[in-house]
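For this note's numbering, add 80 to where a residue sits in the sequence shown, where the first one is 1.
Note that beta-carbon positions come from the ideal geometry of N, C-alpha and C, so glycine has one too.
Note that this is a predicted model, so its numbers are computed, not measured.
Written below as structure tokens is the structure these notes are about.
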Amino acid sequence: MREINGIPSVVEGTAYWAHILVPNTRFEPQKFELNLAVSDEVFQLFSDAGYYGCHAAGTKDFSPDAVVVFQKFAHSKDGTPNPSPRLVNSDNEDIDVALGNGSRVKVQWSHREYPMRGSGNMVLRAEPVAVQVVNLVEYGETSNGSATTLEF
């Protein structure tokens, strides 16, 4: 398997707060993004390489595991829309589903590097290229497969 800065170009984990086909519009700038709970080994590779969005085990309230955030800007500097990452099934066929928290996925990513505004320092970002669904939890379901029960 190909590596980027000593890290496999495809990593597997559990997805949280995924915005793959439609960018997250709650924050500016808008981004396609995915919080991926990963093994300690994978986390350490990203962290040691200096990637932005590395959160040690136990620091995120949605997972006890370490988390790596994959992000891609929805628009380029000139305002042109960027294409979304691909979302595919196990046969690499494009799918159009909303990933729910707890979905098991593989993320193919690329390296992006750019200057941080106002500091001159460089930011390293893991940018999602494609996401393959291994075990889907559809948005609106719980990780045990049942729909949320309303109590009012």
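- [ ] Have a look at R166 and K157 and give me their C-alpha separation to the nearest angstrom.
- [x] 22 Å
Open item on the list: Taking only three categories from DSSP, how would you classify E173?
Closed with: coil
- [ ] Rounded to whole angstroms, what's the CA-CA distance from L230 to A129? Just pull it up for me.
- [x] Since pLDDT at L230 reaches only 46, below the 50 mark, its modelled position is unreliable, and the value read off the structure follows with that caveat. Straight-line Cα distance between these residues: approximately 44 Å.
Task: Cα-Cα separation between A210 and K152, rounded to whole angstroms - done: Roughly 11 Å separates the two Cα atoms.
Task: Own chain partners of V84 with C-beta closer than 6 Å, once the 5 adjacent residues on each side are dropped - done: At residue 84 the sequence reads Ile, which differs from the Val that was named. Closer than 6 Å at Cβ, skipping near neighbours: H191.
Open item on the list: Can you list, in chain order, the residues of its chain with a C-beta nearer than 7 Å to that of G159? Leave out the 5 residues immediately preceding and following it.
Closed with: none
Open item on the list: Please report the straight-line C-alpha distance between I100 and M196, rounded to a whole angstrom.
Closed with: 24 Å
Open item on the list: Can you give me the C-alpha to C-alpha distance between E207 and E173, rounded to a whole angstrom?
Closed with: 21 Å
- [ ] Look at the Cβ atom of S164, then the Cβ atom of F112, and state whether they are nearer than 9 Å.
- [x] yes
Task: Cβ neighbours of S127 in the same chain (closer than 7 Å, five flanking residues each side left out) - done: C134
Task: Straight-line Cα distance separating L114 from K186 - done: For K186 and L114, the distance between alpha carbons rounds to 11 Å.
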